[in-house]
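A.B. asks:
Protein chains: 2
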Amino acid sequence: MKTKVLLDEEEVPKQWYNILPDLPKPLPPFIDPETRAPGVGIAPRIFPKAILAQEVSQERWISIPEEVREVYMLWRPTPLYRAVRLEKALKTPAKIYYKYEGVSPPGSHKPNTAVAQAYYNMKEGIQRLTTETGAGQWGSALAFGCMLFGLKCTVYMVKVSYMQKPYRRVMMEAYGAEVYPSPSDKTEAGRKILRENPDSPGSLGIAISEAIEDALTHEDTNYGIGSVFNHVLLHQTVIGLEAKKQMEVLGEYPDVICGCIGGGSSFSGLIWPFYYDKVSGKAPKNTRFVAVEPTACPSITMGEYTYDHGDTARLTPLVPMHTLGHDYIPPPIHAGGLRYHGIAPTLSVLASTKHVETVAYNQIEVFDAARLFIRTEGIIPAPEPSHGLKAAIDEAIRCKETGEEKVILFLLCGHGYFDMQAYDDYLSGKLMPYEYPREKVEEAMKRLRKLYPWLDEVKSRYIQ
Amino acid sequence: MKTKVLLDEEEVPKQWYNILPDLPKPLPPFIDPETRAPGVGIAPRIFPKAILAQEVSQERWISIPEEVREVYMLWRPTPLYRAVRLEKALKTPAKIYYKYEGVSPPGSHKPNTAVAQAYYNMKEGIQRLTTETGAGQWGSALAFGCMLFGLKCTVYMVKVSYMQKPYRRVMMEAYGAEVYPSPSDKTEAGRKILRENPDSPGSLGIAISEAIEDALTHEDTNYGIGSVFNHVLLHQTVIGLEAKKQMEVLGEYPDVICGCIGGGSSFSGLIWPFYYDKVSGKAPKNTRFVAVEPTACPSITMGEYTYDHGDTARLTPLVPMHTLGHDYIPPPIHAGGLRYHGIAPTLSVLASTKHVETVAYNQIEVFDAARLFIRTEGIIPAPEPSHGLKAAIDEAIRCKETGEEKVILFLLCGHGYFDMQAYDDYLSGKLMPYEYPREKVEEAMKRLRKLYPWLDEVKSRYIQ
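What follows is the structure, encoded as structure tokens:
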């Protein structure tokens, strides 16, 4: 029995798969809140043309530039594992597989898009990219991508993370990035916050505003984004394309695929190619796709599918997505990468048409799953992918009850070497479960409608 | 051009290579300081029979138990990379390859032996292993190995590390180990120190004493060791055996192999199989083996080749090795794994017969090399393997001057995700170079001879 399947680097995909032409219904457009009409807002001023083209492309297959593939080869193809010891511990007849993206130098799936974004910006003469980071995975990935293509990189890191997670900052600096605690005195947005509240701990919303302002006010500078946008999810499909080949080597095909969702990029990267199999009639099974979120940030399971801003400062256009409200304040849970108030528009479509199932777990359940995984498989997972792992374990336990020999695949999108504080809190009993209150969503939706009284009219025109 | 060579897991070696029958001269015996005659001291009371047999075996090939191979498959075979971007940055005609052991769950080469040791102890009915750890890599590896074979694991972690490196402690606890700051109140040795100095920061010497006493005083408990001993180096030869296959795939053979040495286990694991090629006449080249140590702990380049204890508390027998003196106090450098006063007896033989070259670098030079590697190859190396990397870079620069297209192989035995504090100190200019003073070695050797006035007599009988 094989423990893992490794592919030769010649099998790094040559094309990304784009789901747009295969969506069950067309993607609703972004809305400019000024004109209330479709519009992409500031996007053309902060993204290169190649990225803007990919964002709306109806081409099913998009070639991966050879220079990007060559960088991918530093860690791709990533391994596909069979979790033999986990299966034994669960006494399940199910087969559990996981695709492991933690082998990339920054330690997660994020460089799959960071490298591509850095490349396209470099090709169009951009000298520098800005971005925001909270937990630090995305900032690390963009710093890495920029370094390899000779771009400068500026990361606005939420101040409280900057203080509490110095090692993620050091990693970005080791990759040559400049990292500022946000709010900073580098931007008008930051200075305004600091004038009002010199002790502001910062937020992702503020950091996004700073990163975008920095890009807007410098001719040679663009902005890089880590999730939600179509082109980001597109770049992540190397995960699923490789996983399909690896399952083929094993003569297997998944019955169920589980992954965590924050903005939705890792989950989409894995499932899109399997979804393509399904809609094109090539899939040998009616595979289920299970998206897993924290009960502390239940964007799909509790949020409303409507139009909302992508950022707290409302710099982005209105995005058609499930949302908890753009003024959502993340509770202090450890899955930093999953604390985003919205999700990718494509994923919202797939969830609304029931092509994707959704489930939410609290962080205690998730760390219990992570501990079982560590004690059987050895790899220490990040808290984020442990959500997908928890769903896979629950599915395997159901198989034990029903006797079904299902093939379960989940995405281990990053390692937990930078999350040891979270494990310390968990192991010493300091973690608490947290359920985001439904009333808070309702209040946020009321505030949103007060801001845009015409929201439901636009919603009914474009969504559903 | 291939970036890396991955082998299928069926190619995980089935046998370890044992250098003892092929050494250029016989290994001098351990000496019992009481009797002044050959003797292994407490070894039979803290190691299982299978390990004791391997320690002195004259069999060239020793079968790897299938259960151990199956665990190896969780991360083995490890990748062999060509450092294409590093070559370009150096503008060298040389080809630089590296074998990467950082992909193991604990993040270094250490589990290659930890897993084997845990297995043999489990087979002989042992319930628990004890060990010491300073920087934490070895403790993490043994905790991992014990977990997978159902053994309990107790780690005595040098108190100052326990306080300053909580994340390594958490990693061991996540693997289910109990970790005590040493000196602890769990042993007589620890209590004695605490009575004399309640604020003792601990030392590796004290931690070793505690771990050994714990094993000696519990029937069901043995001790696990991370380097120096023959059986440990033997277990590491999976590294070199895989590297040879991977070079074969590429149609290459190394002219030079570089690696760091603390006790010598990772370096020996890589070079032994190539050394075998040489002595058996199978090597197509007269490969050079370069062992690299810090100028702060120059065991071979400055130490004397004589008999000395392996631990500060003098619990071990006298070991034939290059030594800085068993009372060596490590200066505060960041390559925690290289701060050992002695080296493996086999390596001492190979160095004394010039089969292995040795060189020492200070930590600034080493971190400069690490930074260049990070900025070209992306992987953040631990400070320890960055010593071998520095030697590889220097060799590549010499090739640039001579125009030689040498094939250089170095061992990247662990990642640096747990060493970000060291990188922060380096990047912010806080690191200092340090050269261990020759007088300190001379003083230590005087103390040793005062302790054992008969030392030179025994030395001349068995060494050289």
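Chains A and C supply the protein sequences, listed in that same order. 337 is the number that my numbering gives to position 167 of the first sequence; each next residue is one higher, with no gaps. 367 is the number that my numbering gives to position 197 of the second sequence; each next residue is one higher, with no gaps. Here a beta-carbon is modelled for each residue, glycine too, at the ideal position from N, C-alpha and C.
What's the call for A:Thr126, buried or exposed, on a 16-neighbour Cβ count within 10 Å?
C.D. replies: Here chain A comprises residues numbered 171 to 634, so residue 126 of chain A is not present and cannot be evaluated.
A.B. asks: Whose Cβ in chain C lies nearer than 8 Å to the Cβ of A:Phe314?
C.D. replies: What you label residue 314 of chain A is simply residue 144 of the first sequence in a count that begins at 1. The contacting residues are Gly548.
A.B. asks: Which value, in whole angstroms, describes the spacing of the CA atoms of A:Ala505 and A:Met590?
C.D. replies: Counting from one through the first sequence, the residue named residue 505 of chain A turns up at place 335. Counting from one through the first sequence, the residue named residue 590 of chain A turns up at place 420. Spanning the two alpha carbons is a distance of roughly 12 Å.
A.B. asks: By the 9 Å beta-carbon criterion, what residues does the region 266-286 of chain A contribute toward chain C?
C.D. replies: Cβ contacts with chain C come from Val273, Ser274, Pro275, Pro276, Gly277 and Pro281.
A.B. asks: Please go through the same chain and pick out, in chain order, the residues whose beta-carbon is closer than 8 Å to the beta-carbon of A:Lys172, but skip the five residues on each side of it.
C.D. replies: Start at 1 with the first residue of the first sequence, and residue 172 of chain A comes out as number 2. The residues are Arg252 and Leu420.
A.B. asks: Give me the residue from C:Pro281, C:Gly272 and C:Gly558 with the minimum Cα distance to C:Glu240.
C.D. replies: Residue numbering aside, residue 240 of chain C sits at position 70 when the second sequence is read from its first letter. It is C:Pro281.
A.B. asks: Can you tell me where the alpha helix (DSSP H) holding C:Thr324 begins and where it ends?
C.D. replies: Here residue 324 of chain C is taken as the residue at index 154 of the second sequence, counted from 1. That residue, C:Thr324, is in no alpha helix (DSSP H); its beta strand (DSSP E) goes Lys322 to Val328.
A.B. asks: Please list, in chain order, the chain A residues whose beta carbon lies closer than 8 Å to that of C:Ile340.
C.D. replies: Numbered from its first residue, the second sequence carries residue 340 of chain C at position 170. For clarity, residue 340 of chain C is Val in the given sequence; the question names Ile instead. Near C:Val340 (Cβ distances below 8 Å), the residues of chain A are Met590, Gln591, Tyr593, Asp594 and Leu597.
A.B. asks: For A:Ala313 versus A:Val325, is the C-beta spacing smaller than 8 Å?
C.D. replies: Position 143 of the first sequence, counted from the start, is the residue given in the question as residue 313 of chain A. Position 155 of the first sequence, counted from the start, is the residue given in the question as residue 325 of chain A. Yes.
A.B. asks: Going along the chain, which residues of its own chain have a beta-carbon closer than 6 Å to the beta-carbon of C:Glu179, five neighbours each way excluded?
C.D. replies: Here residue 179 of chain C refers to the residue found at position 9 of the second sequence. Hits under 6 Å: Met243.
A.B. asks: Three-state secondary structure (DSSP) at A:Trp231?
C.D. replies: The residue labelled residue 231 of chain A in the question sits at position 61 within the first sequence. Three-state result, A:Trp231: strand.
A.B. asks: When every heavy atom of the ligand HEM is checked, does at least one fall within less than 7 Å of the C-beta of A:Glu605?
C.D. replies: With respect to the ligand HEM, the structure offers nothing, as it holds no ligand at all.
A.B. asks: Would you kindly report the start and end of the unbroken beta strand (DSSP E) that includes A:Ile427?
C.D. replies: Stepping through the first sequence from its first residue, residue 427 of chain A is reached at position 257. Where A:Ile427 is concerned, the enclosing beta strand (DSSP E) stretches over Val426 to Cys430.
A.B. asks: Using DSSP bridges, identify the partner residues of A:Ile266.
C.D. replies: Taking the first residue of the first sequence as 1, we reach residue 266 of chain A at position 96. In DSSP, A:Ile266 forms a bridge with A:Ile578.
A.B. asks: With the cut-off set at 8 Å, would you say C:Met472 and C:Val611 are in Cβ contact?
C.D. replies: Here residue 472 of chain C refers to the residue found at position 302 when the second sequence is read from its first residue. Here residue 611 of chain C refers to the residue found at position 441 when the second sequence is read from its first residue. Yes, the pair counts as a contact, with Cβ atoms nearer than the cut-off.
A.B. asks: Please return the same chain residues whose Cβ sits closer than 8 Å to the Cβ of C:Trp231, not counting the five positions on each side in sequence.
C.D. replies: Position 61 of the second sequence, counted from the first residue, corresponds to residue 231 of chain C. Cβ within range, chain order: Gln185, Trp186, Tyr187 and Asn188.
A.B. asks: Run the CB neighbour count on C:Met417, radius 10 Å, all protein chains shown included, and call it buried at 16 or more, exposed below.
C.D. replies: Mapped onto the second sequence, residue 417 of chain C falls at position 247. With 16 or more other Cβ atoms within 10 Å, it is buried.
A.B. asks: Taking C:Pro336 as the query, report the chain A residues whose CB atoms sit under 9 Å from its CB, ordered along the chain.
C.D. replies: Your numbering for residue 336 of chain C matches position 166 in the second sequence. Correct list: Met590, Gln591 and Asp594.
A.B. asks: Buried or exposed: where does C:Arg215 fall if 16 or more other Cβ atoms within 10 Å of its Cβ makes it buried?
C.D. replies: Numbered from its first residue, the second sequence carries residue 215 of chain C at position 45. Result: exposed.
A.B. asks: Since C:Gly295 meets chain A, which of its residues come closer than 9 Å, beta carbon to beta carbon?
C.D. replies: Counting from 1 along the second sequence, the entry for residue 295 of chain C is found at position 125. What C:Gly295 touches in chain A: nothing, since even the nearest Cβ is about 22 Å away.
A.B. asks: Do you know whose CA, among A:Tyr606, A:Cys569 and A:His585, lies nearest A:Pro263's CA?
C.D. replies: By one-based count along the first sequence, residue 263 of chain A stands at place 93. When only C-alpha atoms are compared, the closest one is A:Cys569.
A.B. asks: Taking only beta-carbon positions, decide if A:Thr173 is within less than 8 Å of chain C.
C.D. replies: On the first sequence, residue 173 of chain A is found 3 positions in, with the first residue counted as 1. Interface residue, yes.
A.B. asks: Start and end of the alpha helix (DSSP H) containing A:Arg338?
C.D. replies: By one-based count along the first sequence, residue 338 of chain A stands at place 168. Where A:Arg338 is concerned, the enclosing alpha helix (DSSP H) stretches over Pro336 to Ala344.
A.B. asks: Secondary structure at C:Val419, three-state DSSP: helix, strand or coil?
C.D. replies: Here the question's residue 419 of chain C lines up with position 249 in the second sequence. Of the three classes helix, strand and coil, the one that applies to C:Val419 here is helix, per DSSP.
A.B. asks: Use the C-beta contact count for C:Val489: other C-beta atoms within 10 angstroms, 16 or more gives buried, fewer gives exposed.
C.D. replies: Counting from one through the second sequence, the residue named residue 489 of chain C turns up at place 319. When all chains shown are included, C:Val489 counts as buried.
A.B. asks: If the cut is a Cβ gap below 9 Å, which residues of chain C does A:Pro544 touch?
C.D. replies: Locating residue 544 of chain A in the first sequence gives position 374, counting from the first residue. Checking the sequence shown, residue 544 of chain A turns out to be Ile, not Pro. Residues of chain C passing the Cβ test: Pro275, Met317, Ala344, Tyr345 and Gly346.
A.B. asks: Quick one: measure Cβ to Cβ for C:Gly495 and C:Arg361, integer angstroms, because I've assumed they're closer than 8 Å.
C.D. replies: For this step, residue 495 of chain C is matched to residue 325 along the second sequence. For this step, residue 361 of chain C is matched to residue 191 along the second sequence. The Cβ separation is near 26 Å, so there is no contact.
A.B. asks: What does C:Tyr632 reach in chain A if we use C-beta pairs closer than 7 Å?
C.D. replies: Locating residue 632 of chain C in the second sequence gives position 462, counting from the first residue. Those do not exist, as C:Tyr632 stays about 42 Å from chain A at its closest Cβ, beyond 7 Å.
A.B. asks: With 16 as the cutoff for other CB atoms within 10 Å, does C:Trp442 come out buried or exposed?
C.D. replies: Taking the first residue of the second sequence as 1, we reach residue 442 of chain C at position 272. When all chains shown are included, C:Trp442 counts as buried.
A.B. asks: What does C:Val489 pair with, by DSSP beta-bridge criteria?
C.D. replies: Taking the second sequence and counting its residues from 1, one reaches residue 489 of chain C at position 319. C:Val489 is bridged to C:Asp478.
A.B. asks: Please give me, in chain order, every unbroken run of the alpha helix (DSSP H) with length at least 4 that falls completely inside the region 502-545 of chain C.
C.D. replies: Here the runs fully enclosed are 515-522.
A.B. asks: At what residues does the beta strand (DSSP E) containing A:Val402 begin and finish?
C.D. replies: On the first sequence, position 232 is the one that residue 402 of chain A refers to. From DSSP, A:Val402 is part of no beta strand (DSSP E) but of the alpha helix (DSSP H) over Asn400 to His405.
A.B. asks: Could you work out which residues of chain C lie near A:Asp178, taking near to mean beta carbons separated by less than 8 Å?
C.D. replies: Taking the first residue of the first sequence as 1, we reach residue 178 of chain A at position 8. Neighbours of A:Asp178 on chain C, chain order: Leu176.
A.B. asks: Just tell me which of A:Pro424, A:Ser438, A:Leu411 and A:Phe444 has its CA closest to the CA of A:Ala566.
C.D. replies: For this step, residue 566 of chain A is matched to residue 396 along the first sequence. Taking only the C-alpha atoms, the option nearest A:Ala566 is A:Pro424.
A.B. asks: Alpha carbon to alpha carbon, how far is A:Gly439 from A:Glu237? Give it in angstroms, no decimals.
C.D. replies: Position 67 of the first sequence, counted from the start, is the residue given in the question as residue 237 of chain A. Position 269 of the first sequence, counted from the start, is the residue given in the question as residue 439 of chain A. When rounded, the distance between both Cα atoms is 20 Å.
A.B. asks: Which residues in the same chain as A:Glu547 place their Cβ atom closer than 7 Å to its Cβ, once the five residues preceding and following it in sequence are excluded?
C.D. replies: Within the first sequence, the letter at position 377 stands for residue 547 of chain A. Ala253, Arg255 and Leu256, listed in sequence order.
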